[in-house]
Structure formats: C-alpha cells, structure tokens
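Report on the structure given below.
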Amino acid sequence: MTTSATGSGISTDAASALRPHAEQTYAAELEALAGADDRQRPPGWRLSPWAVTQYLLGTTLDDGTEITPKYIGSRRVVEVAVATLATDRALLLIGVPGTAKTWLSEHLAAAVSGDSTLLVQGTAGTSEEAVRYGWNYARLLAEGPSEAALVPSPIMTAMARGAIGRIEELTRMPSEVQDGLITVLSEKALPVAELGVEVQAQRGFNVIATANDRDRGVNDLSSALRRRFNTVVLPVPDSAEDEVRIVTQRVEQLGRSLELPEVPTSLTEIQRVVTVFRELRSGVTEDNTTKVKSPSGTLSTAEAISVITNGIALAAHFGDGRLRPADVAAGIQGAVVQDRVSDGVVWREYLETVARERDGWDDFYRACREVGA
Amino acid sequence: MGRPRQGTDKVSVLGVRHHGPGSARAVAAALDEIKPDIVLIEGPPEADAITSLVGGLEPPVALLVHLADTPKAGTARSKEGWGFWPFASFSPEWAALVHAHGRGVPVRFCDLPAAHTIAERIERAEAAEKEAVEKEAGQEEDDQPAPPSEPPRVRTDPLGVLAEAAGYDDAERWWDDVVEQRGDGEPSPFPAIADAMAAVRAESGPETGRDARREAYMRQTLRAVLKEGYERVAVVCGAWHAPALRDLYDYPVKDDVALLKGLPRVRTTATWVPWTHGRLATASGYGAGVTSPGWYHHLFTAPDLPIHRWLTDAARLLREEGQPVSSSHVIEGVRLAESLAVLRGRPLAGIDEVSEAVTAVLCEGEQSRAALVHGRMVIGERLGSVPPDTPMVPLQRDLMAAQKRLRLKPEAFDRDLDLDLRKESQRERSVLLHRLRVLGVEWGVPRAAEHHSKGTFRESWRLRWDPDMDVALIEAAPWGTTVVSAATARVVEIAAEAELPTLTALTEQCLFAELGDALPDVLSLLTDRAATDSDITHLMSALPPLARSARYGNVRGTDGAHLRAVARELLARVCVGLAPAVRGLDDDAAARFVRSIDQTHGAATLLDEDARGWTEALESLARRDQVPGRIAGRVNRILADAGRITTEELHRRLGLTMSPGTEPTRAAAWLEGFLQGSGLILVHDERLLGLIDAWLLSLSEERFVAILPLLRRTFGAFGAAERQEIGTAITRADGGRTTTARVRRPVDTRRAAPAVAAVTALLEGSRA
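Chains as they are written, first to last, in my numbering: chain A, 39 to 411; chain B, 92 to 859.
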C-alpha cells in the first residue's frame, strides 16, 4: 500500500517529489484536454474516451496545446484498453517486463479519474487487507468495530470515490487474495461484515491490473477472475524507430526531474543502445544476416532507458559533459550480463562478432572491452 | 442512377465495390426499384451463354474462361491461357445475376471479352520469354528496359484518394462506413458515388490503355442494348467506371470503335467452377480481393444483430476446440466491440472492432486462439458448388462421377483420410488419388512420407481441394477423356524422356495408380535404359522399388511376373558391374556404396529366396584385394550372416585383415564395414573377438592413436547394452571376473514349443 500525498503528518510536497505522479506532471495537458473535450463522458470520468486516447497517444489541440505522446506504439492497444474501461469491465495488461504496462496503467488512471495513486502492489506477501480493508487495531480494541477504526484499502477508496484502482503484478499475489477481487468486480460492492454495511462502487470505478508474462504459472488467475478482465497484451516495440523515440523521450523527462546537468543527449548513443538491445533480444542482427545468442535477461525498453540515464549521470558528473560510448558501456554490460557465466559468453561473443566489425562502433567496442577486462 | 441527361434516362449505372456486402444490398434494392428490362454486368461476355445456370450455382463460384484448345503444359499459353472472375454471395454482381435470373430478365456481361484479355496476356508473356532467351544468348546486354512507370495512385486506388479527402486513413473503412454498413431503406447511394468518382476522375485525366478499351467496350455494349430498344437498362460495374458509362453521350462512338480495332484474340471457352472464400481473400486475376470474405458473407447473410451473431459463432467455435467460453464472454465481447466503435467514431462495429473483442475477451489475450478464429471465420472455408449440367471437359465429368461413386467430396480444408487397401472401395479411392497425382492434381497428398515398412495395405492421405485443380484438370484434358486414360497417357509421355531413377519411381506409381496399360511401356523403357546406363549406383537405387512392387504388387491385384522378370534382369546387370564399380572408392563413396549394397541385398532376397547370382557376385567381391576395406568388411558380414562362408573361413579372412601386414586404417575400415549395424556377433563368437583383441594389442601406440577415431565411430554406433555386452565378453576373455556373470540356462524346449510352432507357421505361410 502506498501512502497518498494527502495523508497524515508525513505528507509531502509534490513539487519536490522525486517522481511526481502522472496527473501532477501532466496537469496542464489534462486541463487543456478537459477544456477542449466536448464529447460525452462516461459517468465518473474526467475526460471522454476519445480525449483519454488523445492524451495517451499525443496530438495537437485546436488551440495549439501540444499533448505529448505517453504511449508510443500500437494505437489499437490503447483504444481497446480505453474502450474496456468504458464498458466497466476490468482491464488486464499483460506483457514481458518493461513493455510499459505500469506506465500505461498509471496514465490511464490519471486521465480517466485524475488520480493514479490508488495502487496495490502485488507481492507474495500481499494480504487480503490490501485489496479489501484492514483495521486500526488500537482503535478497534478501544472502541470496538466502527467506521473510524476501519482502514480502507486503495481498492475500497477507489470504489467509494468512483475512481480507477490499480493493481500491479496481479499474478504475484497469492491466489486467495486475487479471488477476493471477484466480488468487487462482479457485484461492484464490498461488504464489511463486521459493521453490517457495504461499500457500493460509485460510477467511474474500475480496476486496471498488470501481470507479467514471465510469471506465468506462478499464481495463475482463476478462470472466475480471469473472466472478469478484458486482456490486452502489450507488445515489444515493433520498430527500432519507435523504440529510439521512447527512449529519447523518457530519458529527457527523467533527466529533467532528476535535475541532472544538461547533457546533449547524443542520438547515436541512444540508437546504439537500442540496437544492441533489439539484436540481443531477437537473436538476430537488424540487417537479418547474423545470428546472435540471446541472454537470460529481458532487455526491455525500460532497461535501455535506465542505461542511458545512468550514462548521462556519469557523463555529467565524471565525464566531459557529453554522452560517450564509455559512459554507457558499463551500464549496458550490467543489463546484458545477468548471469555471470552464460550471459558473459553471450556478451563477449556479441562484441567480437557483431560490434567489432561495425562501422563507427570502434569506440564503443573498445570501451566495452575495457569494462569487461 | 445518374443524373438524367439527354438520352441517358434509360440507363441506371450502379457503381459498386466488388465483393462488398453493402453494395450488394444496395444493388438488390436499386434493381427492385428500377425493375430493369435488361441487366449489364462487368465481366467477360463469353459468359453470356452460361448465365442460365445461375439458379443451380451455390456461391462462392467463379467464371473460368480458358483457351478452347488445350495448350501444351509449361508454355506461355498454358500459364496465361485462362482467367477467373469470382463471385461470392455478397458480391453486387452476384446480387444482380440472382435478381435477373429470378425475374427472367436478360443478363449480359459487358466487359472486354476475355478472348482479348487472354490473348494480350499471352502475347506479353511470350514476348517476355523471347526477351529472356535473347538476353541469355546476347550475354551482356545491360541496357535493361526501364521498368514500367508506376501509374498515379488515384488511378490504382481512387477510393483511397476519396477516403483521404474524407479524413480516413483506411479506404476500406471509409467505404465500409459510408456505403457498406448503411442500413437498408436509405436513399440509393449510387448517384453520389458516380458523382464522387467523376470528381476523382476529372483530376486524373482520361483513361488510357487497357482500361480505356474496357470502358469503350462497355459503352459499345450499352449502345447496342439501347439500340435493341430496351427501356430500362441497369449497369452494374466497378465504381471507377460508373461516370464513363453514365455520361455515355460525352464519348463519341467513333473513338470507341477506333479503340477496339485490331485487338488480338484467341478462341476461348467459359464455364463455372466452384470457388473458395480463402481464394477470394487473395483473388487472382481479378485484382479486387477482400481481406475478410467470411465476415462479409456473415454481414450479408445474418438477418439482424450481425455482431452478436458473429461473437456467438466465435464462442461456439472456441468451445468446439475445447476452450471454456461462456455467454457472459459473448455479452462482454459485444459491449467492448460497440464501445470501441464509438471510441473510433464509427457508426457500427466492423471486423476490426469485433476481432479486438474476440482477442481481448473471448480468447483472453491468447494470440493462437484468436488466429484460429481468424482463419476459420474471418477468412472462412466455404466452397461453392456448380450443378452437373455446367459445361465441363470430359475429364472433369469423369472425376465428378468417380467422386460421387466413391463418396469422396471435394472440401476446401485439410481432411485426413486413412485407407485400408484390402477393402475394395477404399482401394479404389487410393487408386483415384494416385491417378490424379500423376495428372498433376494434388488433391490428396500422402501423409508422413510413404513408409512401406509399416504394412503395405494401409495408406494415409491429406485431402484438400483447391479451385486451381480445375485448371489442372482442364490442362490435363488433352491426355484423355477419363482419369484412367489420361493418367496412362501422361505416364507414357513422362517415361519417354525420363532417366532411370524416375522410371522406377514411375513404375511404382503405375502400380499404385493401377495403370496396367502403361506398365508394359514403362517397363520396356526401363530395360532399355538399364542396358545403356553405365552408372551402377543408378541401377542399384532403381532395384528396391521394383523389388517391392514385384513382391507386394499382389496386394493390389497386379500381376507381378513381368515386374519380377524386369527386376531380375536389373539385378543381373548389377551383379556383373559390381566388382569394377568398387575399385578406388574413397571412404565417403564407400560408405554410400555400402548402403546401396545393403539395399540391393534386401531387394535381391525379396525377389528370390537364395538369389544365387547376387551371392556369387558378393563372394567374388569378397575374395578381391583392391576392394575398399569398408565394402569388403560389409560383404563378408553379409555372407557370414547368410551362412555362405564357414566360421573357419571367416576367422581366416579376419585374421588376414588384422595381421601386421595390412595397413591399420584399412583394417579399421574393414572392421567398421563388418560390424556395421550390430556388434553382437563379437559377443557370440569369442574367437573373432580374440582376433580383434590381439590385433589391437599388437599395434604400436602411434598407429593405435591414428585409427582410434575410426574405432570410436564403429563402436559408438552400437547401443549401450550392446557395448556393455562386448565389454563383459572382453573381461571374460581376459579371465577377469564379471559382476554380472550371466548363467545361460538351457532352452526349455517344451515351453518354447508353442512359440516355435507359431513362428514356423508364419514363415511357411509367407513362403506359400
């Protein structure tokens, strides 16, 4: 359970937050969209489904406001996701790690209900209180069961407010906790037996869950629960072009929010990292001529982003202020070599057979060799 | 219905999208309103004579126009000498045909005759062929003809340009929204379409080339019809052509006449053939394929609630495949499809939205299941049918009769068929399929390679009928009027120019296809070729299929005597040529030759129990010195297994080979050949083992290391149990104690008696 900013004495100031929520970062865009949006909004929604799609995919409004794209990739994925939420069916986003599941769910929640903080993180230790409700035990002992002693879960709060509740890594939760959601999703009500009352979901309530492809079989969803979700599979970015765009954009945003010294991000470096990742992931070089081995890690776009950000930090603080191959070399090796022995071989082979021969990759090759030695 | 202009108020031009259900509906409605006294349809006028058959056809069907005289296979005339014009239930042209047929209104096809189209195509292909030949002859002639410049997009895709103007990124969707998915009862869309097309065409300039000729021909037909005095003429044509026909009087007659002058032509014949939805999706020769024929068919046939019905059908399909899909899935699917349509600003959910719903809800994100639904429903597997009185070549008719008699129905999807050849009717089916394969009609393909080892009375086939096969049948027509006569003629023709291995394969095919009349010809050619072919491996590879045929031919009721005679003759030639052929072979060639020897040996024993000539040839081979070690070893093993050489003699030969005078590599190769297949002989013959053991111990270290890989190859091929047995035998021979000393118990003859009796009966039975 996360603590929302509007809590008790430990509430924080959003302006200095390390990572502001989507609705805070893009408040201006959301407002502009709400102003321009004249289409019908489903009950409880801040924006119309059309405007939500525009928010996610980016556009330029009639008054000239630029809406940045949040999700770069297939339009149909976004459309199916938004349409699902509009039918009050729960949405399940599935994909390999780093395919922007969480990112998409956060922005969907921010655009639909203006609040992306009603979040439950699924772990092996997630208990039923996290999806239903818990108790403030001091109060419970002192006063007996009362509404004041009740600690609502984010899901319960979302129901009461008519907002979107988010569940991360649904399949990491124990099955019995998952099944606690069935009543919520089918009856749209959460009974509190101890008080003899129930919380009925307000219009606008819905649930977005994410699940990881790699976890298949850990805690598979029961078919009763599965039936209540519409499933959208998020693909890995289709083209190198798209992936470079995603990385560039995110790196820029992260750099701004971390207040890293301005480093002219070199597109070549980003392209190189993306190329390396794509080639290792698919097991074949981009020109489709050479086979390479794939390492055990996922090598997602998210990891590419962190490699670049890391490189920028290195360049800014220890380098000459420009992003050089040497700055990303260590990061990229760390991302590829997850298992020292087997991945080490994969990486060295890639360097010797692919990177070494390639025009303009000499610096990169040498830098990687140095790190590896 | 064009805007009435002077003289054109008698003509209604209905510009349609080929294979668009909405267009089809609109055409049907418009025709009901116009009540035309004649209907003109875009299509080859050769088909005018066979429109009377429309009542008996079940779409999808296609008009097939082909050359009247059947061309020789492989020439440009055969490759280009035909064309298809497909019609589905949801094609507007079909709707017009049905309307006219039902009301007894005359129908004419008004496009350029296929006689011209095909003639042009043949000319082009022949010119291209000639050019290719010339280029080959002229070697380096690098001034390549410039590739034909791309026609402007507006001409190839006028709808795309219109759709872009309307703000759609996908022309299909635009047409779907504006025309296809209109509910019935709205005012006719045709005047607007013609106007829109006129606007697009005004930008692209007048038609040229083939399209200009086509439109000229359409106008000429229209003029002729008007001259005949028809009062209400309905023309159904592609939207692009609508303005060119509507504004008939803007085009001077003499221009059209000039355009149509001196066109090449060929003699053609037209008929109807069954078509499939799968082929509509990639329609050939028509250029107007649709991506989702199954969906269109559904849209056209579903009385109401197309989306609900579609998803219900999809749920049923998934349930049949064992997926738990509930009604609530369907309900949610419909809701998702509808809200997606709203989100995308479309009036009704289309195939995109419905497919998303199937993937996200019914299949729970599972791509493979969604692909199943796509293949089975969106594309579809529907196969049309034509009535028996459709014009056909006699060969087609014969096949149809055979299909009916054998109850084998052509179907457009894969179906597996297992046949038991001992049953009369099933054998006939197999024969029919084999004969069709000879004719190049691959309706049935044998499954899992032709394995003869697993019983010769069983056959597995995979059947799938493809409309192309009708063309293949028509092409095969010159060979004969019935399947059997055509197949016979074809086999004889192939045989005339075939090499030896092809000929033996043909022999086998003749047997499978029961082409008794072709067999003598093929066999005499086979003997001729065998006499002149100097490559003995050819002969050796030809022998096994022949021997098999001769031995098992009687399962199919063929006379094996002749075959046997031919096979014996082949064998005799092999025996003679054997010794010279093996001289100077290197190791790889020797390994291949050993395989040939093994096969020939199998064939020889199949042909003849003692195969005297063959064993004698082997014996003489075994006595020679220059024979490669591997072959010598193998031959000795074969002879030893057959009891042709005594144990003493074998020991002597092995001893000779293993003696210090022989080059160790040759000895190792000999051993490899000798032990190939099974090493158990070493376990049972301690002296043999001892000889090898002594030889190995006598080798110097250097030499031992040199031949080690060869030994490893030999012994590595044995199974683990075999190797262990040999190891145990060695230990025993060395006087060591073995842990698993097996005590051989004497055979209890009393208990073995029933088994022995059974085996004897089997052996005697096969001999009889």
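Just so it is clear, CB atoms sit at the ideal spot from N, CA and C, and this is done for glycine as well.
Bear in mind the structure is a predicted one, so any value in this text is a computation, not a measurement.
- Put simply, of B/799, B/596, B/367 and B/467 the residue whose alpha carbon is nearest the alpha carbon of residue 613 of chain B is B/596.
- Taken through DSSP and simplified to helix, strand or coil, residue 98 of chain A comes out as strand.
- For a Cβ distance threshold of 7 Å, residue set 431, 434 and 435 of chain B lies close to residue 117 of chain A, ordered along the chain.
- Inter-segment contact for the segment 273–281 of chain A and the segment 127–146 of chain A is present: three or more beta-carbon pairs are separated by less than 8 Å.
- Within a 10 Å sphere around the beta-carbon of residue 64 of chain A sit 16 or more other beta-carbons, which makes this residue buried.
- Close CB contacts of residue 316 of chain B within its chain, under the 8 Å cut and outside five residues either way in sequence, are with 129, 131, 199 and 324 (chain order).
- Among the residues facing chain B, residue 268 of chain A is included, as its CB has a counterpart in that chain under 9 Å away.
- Spanning the alpha carbons of residue 412 of chain B and residue 466 of chain B requires a straight line of approximately 14 Å.
- Contact with chain A is found for residue 451 of chain B, since one of that chain's Cβ atoms lies less than 9 Å from the residue's Cβ.
- Take the alpha-carbon of residue 604 of chain B and the one of residue 636 of chain B: they are about 15 Å apart.
- Nearest to residue 556 of chain B by C-alpha distance, out of B/575, B/580 and B/524, is B/524.
- Listed in chain order, the non-local C-beta contacts of residue 405 of chain A below 7 Å within the same chain comprise 363, 364 and 367, local neighbours out to five positions each way being set aside.
- Secondary structure remark: continuous beta strand (DSSP E) runs of at least 3 residues inside the segment 87–171 of chain A, in chain order: 128–133 and 157–159.
- Look at the segment 485–527 of chain B and you find these whole runs of alpha helix (DSSP H), each 4 residues long or longer: 485–496.
- Within chain A, no C-beta atom comes less than 9 Å from the C-beta of residue 409 of chain B; the nearest is roughly 13 Å away.
- For residue 146 of chain A, the closest Cβ of chain B is not nearer than 9 Å.
- By the neighbour-count definition (other C-beta atoms within 10 Å, threshold 16), residue 810 of chain B is an exposed residue.
- By the Cβ rule, the segment 345–361 of chain B does not count as touching the segment 217–227 of chain B, because fewer than three pairs are nearer than 8 Å.
- Taking a C-beta distance under 9 Å as the contact criterion, residue 328 of chain A and residue 392 of chain A qualify as a contact pair.
- Less than 9 Å separates the beta-carbon of residue 470 of chain B from that of residue 372 of chain B.
- In the three-state DSSP reduction, residue 756 of chain B falls in the helix class (H, G or I).
- For the segment 173–196 of chain A, no residue has a beta-carbon sitting nearer than 7 Å to a beta-carbon of chain B.
- Contact note: residue 427 of chain B reaches chain A through 118, 121, 122, 125, 127 and 268, using a C-beta cutoff of 8 Å and chain order.
- Here residue 551 of chain B carries a strand assignment [DSSP, helix/strand/coil].
- According to the DSSP assignment, residue 78 of chain A belongs to no beta strand (DSSP E), since it is labelled neither H nor E.
- Per DSSP, residue 332 of chain B is not a residue of any beta strand (DSSP E), being assigned neither H nor E.
- In the three-state DSSP reduction, residue 126 of chain B falls in the coil class, being neither helix nor strand.
- Residue 238 of chain A is bridged by DSSP to A/227.
- Using a Cβ-Cβ cut-off of 8 Å, residue 441 of chain B is close to nothing in chain A; its nearest Cβ partner there is about 13 Å away.
- When Cβ pairs closer than 8 Å are counted between the two stretches, the segment 308–319 of chain A is seen not to touch the segment 157–175 of chain A, the count staying below three.
- Three or more pairs of CB atoms, one per stretch, sit closer than 8 Å, so the segment 238–253 of chain A contacts the segment 78–90 of chain A.
- When DSSP states are grouped into helix, strand and coil, residue 795 of chain B belongs to the helix group.
- Within chain A, the C-beta atoms nearer than 9 Å to that of residue 417 of chain B come from 265, in chain order.
- Secondary structure note for residue 462 of chain B: its alpha helix (DSSP H) is the uninterrupted segment 458–464.
- Using a Cβ-Cβ cut-off of 8 Å, residue 211 of chain B is close to nothing in chain A; its nearest Cβ partner there is about 39 Å away.
- Within the segment 68–92 of chain A, the residues whose Cβ lies closer than 8 Å to any Cβ of chain B are, in chain order, 87, 88 and 91.
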